[in-house]
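Have a look at the structure below, then the notes.
Number of protein chains: 2
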Amino acid sequence: MASCSLNVHVVIFSLCEDTLRVLLAPEEQTLWQLPGQPLQQSETLESCALRAFQEQTSRREVYLEQLYTYSNLLHHTQKQLVSVVYFALIPANARREPSAELRWFSVNQLPSLKDNHFEIIAYALRRLRYKLEYSAVGFELLPEEFTLSELQHTYEVILGEKLDKRNFRRRILQAGIIEETKHRRTKGEGRPARLYRYRPDAVAEVKARRLFP
Amino acid sequence: MASCSLNVHVVIFSLCEDTLRVLLAPEEQTLWQLPGQPLQQSETLESCALRAFQEQTSRREVYLEQLYTYSNLLHHTQKQLVSVVYFALIPANARREPSAELRWFSVNQLPSLKDNHFEIIAYALRRLRYKLEYSAVGFELLPEEFTLSELQHTYEVILGEKLDKRNFRRRILQAGIIEETKHRRTKGEGRPARLYRYRPDAVAEVKARRLFP
DNA sequence: AGAATAGTGTCTCTCAGACATTATTTG
DNA sequence: CAAATAATGTCTGAGAGACACTATTCT
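Those sequence lines, one after another, are chains A and B. Take the first sequence: its position 116, counting from 1, is numbered 116 in my numbering, and each next residue is one higher. Converting from the second sequence to my numbering requires adding 1000 to each position, the first position being numbered 1.
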């Protein structure tokens, strides 16, 4: 194929101040876009996606997952636009001040976006919510050690609903994917909370209920 | 990016003679590959995928879903190979004799495959099995009207396990995604079976059980 | 002592899973 | 009437969901 520009974009989620946020780059005037770049000849799609937000995190390990590949026909220029989109999760503590002109936007208050980037973010959010229900992806937004209240709060922010504390604890514990540490965290107020950590040997994906059959 | 060849491949599943099969094209000697072709400038990814098996089916509507996008660095040629893979389902009755040199292979007895096509098929199969459990994708392999035994058999072949007849019927019926027709089918032997049809207004995706609520 | 947050147990109701017999047709 | 396939109902156990009080720390 003659002229195909292949770009890789990343939807980067993080939790700031009780809202789920997405990192966006300015496009022009009041128009924003997802961070992204053209695929280089010497890299895989994944390493290109990694590069796209490397400066945004101090973590070696980052949750990164391929989301979807979009194609757009730009009729006026007769150009074919192909974009491979990833989504990534960054814990608040591993985040740096956004470099350049990048800014964190709440998923509930997005600015005007380039191309179909709004649709892409909506899809990424749906996928994140969906994954939360059958895998252990929620930990990726938290520091290595966390309290159960923090974990529950993360779930609540992403799902956009309140959860029952006792049911949450019961299930997350008997799922066997986190383990106690010897540490506690105190906010200076109230009873200090026990810290937990994700069990690296845990089976993160759990079988979903079978609907059919 | 300078030289990127962007191909679209399709994993086409169908049910023949009690086995789940994949349509493959000969590559060279004893090596086979997934049907595919380079993306044209004037088409979207999806229409390119559709084109890749249009001659394989007489159906207007075909179940087609994007699977994953793979990138391969071919070190010796310094070329970048990007392949967007779709998977498709064709009902046995809508299938034609494979054109050209294409052949249907049982997923349990695949030949030697080009590049990472074995991995791709394995992933497509995993996805198909997974989808079967929370969506109504099984109908896409059957004619418009089908008996419950045929439907159950489809599930059994794909999942590779026997299912309980009563539980299967109970759940598939109370899920409300199929409806009775007035027709019956008889094989000439045994009691004729009632024919059902997929309800086009049905909500095919059902909520999965929440693991971590 | 009061404020703040952490931590804990029970009951009910739904639904998945196991299981065997009767009904209808054809030759 | 024999053979073949279709169709149907019940019981049990696991777990999701609703719900309120006690425990620990700090000031």
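A virtual CB, placed ideally from N, CA and C, is assigned to each residue, including glycine. It should be emphasised that the depicted structure is a prediction, and the values quoted were computed from it without experimental measurement.
With residue i and residue j assumed to form a contact (beta carbons below 8 Å), what rounded beta-carbon distance in angstroms separates them?
| i | j | result |
| --- | --- | --- |
| N116/A | N72/A | 7 Å |
| L110/A | F118/A | 7 Å |
| A49/A | V11/A | About 10 Å; that fails the 8 Å criterion. |
| S1149/B | T1019/B | With 8 Å as the limit, S1149/B and T1019/B do not qualify as a contact, their Cβ atoms being about 17 Å apart. |
| K1165/B | Q1152/B | 7 Å |
| E1180/B | R1169/B | Not really, about 12 Å apart at Cβ, beyond 8 Å. |
| P35/A | L102/A | 7 Å |
| R1191/B | I1178/B | About 20 Å; that fails the 8 Å criterion. |
| L1023/B | T1154/B | Actually they do not touch by this definition, with Cβ atoms about 18 Å apart. |
| A1202/B | A1136/B | 7 Å |
Could you list which residues in chain B have their beta carbon closer than 8 Å to that of residue i, in chain order?
| i | result |
| --- | --- |
| V11/A | The contacting residues do not exist; V11/A stays about 15 Å from chain B at best. |
According to DSSP, is residue i helix, strand or coil?
| i | result |
| --- | --- |
| H76/A | coil |
| E1097/B | coil |
| T181/A | strand |
| L1015/B | strand |
| G1160/B | coil |
| L195/A | strand |
| P1110/B | The sequence shown places Leu at residue 1110/B, rather than the Pro named in the question. Coil. |
| A1124/B | helix |
| L23/A | strand |
| L211/A | With a pLDDT of 44 at L211/A, under the threshold of 50, the modelled position of this residue cannot be trusted; read the value that follows with caution. Coil, per DSSP. |
| L102/A | coil |
| T1030/B | coil |
| T1154/B | helix |
| E1065/B | strand |
| S217/A | Not covered by the structure: residue 217/A. The range shown for chain A is 1 to 213. |
| S1071/B | strand |
| E994/B | Outside the shown range of chain B (1001 to 1213) lies residue 994/B, about which nothing can therefore be said. |
Going along chain B, which residues have a C-beta under 7 Å from residue i?
| i | result |
| --- | --- |
| Y68/A | Q1066 |
Using a Cβ cut-off of 9 Å, pull out every chain A residue sitting near residue i, in sequence order please.
| i | result |
| --- | --- |
| L1045/B | T69, Y70, S71, V82 |
DSSP puts residue i in a beta bridge; with which residues?
| i | result |
| --- | --- |
| V8/A | Q37/A, V84/A |
| I1090/B | S1014/B |
| F1168/B | F1168/B pairs with nothing; no bridge assigned. |
| F1146/B | Y1196/B |
| T57/A | R95/A |
Within 6 Å: the Cβ of residue i and any heavy atom of the ligand ZN?
| i | result |
| --- | --- |
| L1074/B | Questions concerning the ligand ZN fall outside what the structure shown contains, since it holds no ligand whatsoever. |
Quiz prompt | Segment contact, 8 Å Cβ cut-off, at least three pairs: the region 125-143 of chain A with the region 24-41 of chain A | solution = As far as the Cβ criterion goes, the region 125-143 of chain A does not touch the region 24-41 of chain A, which means the pair count is below three.
Exercise. Could you say if the region 60-67 of chain A and the region 83-98 of chain A meet the contact criterion of at least three C-beta pairs nearer than 8 Å?
Key: Cβ pair count under 8 Å is three or more, so yes.
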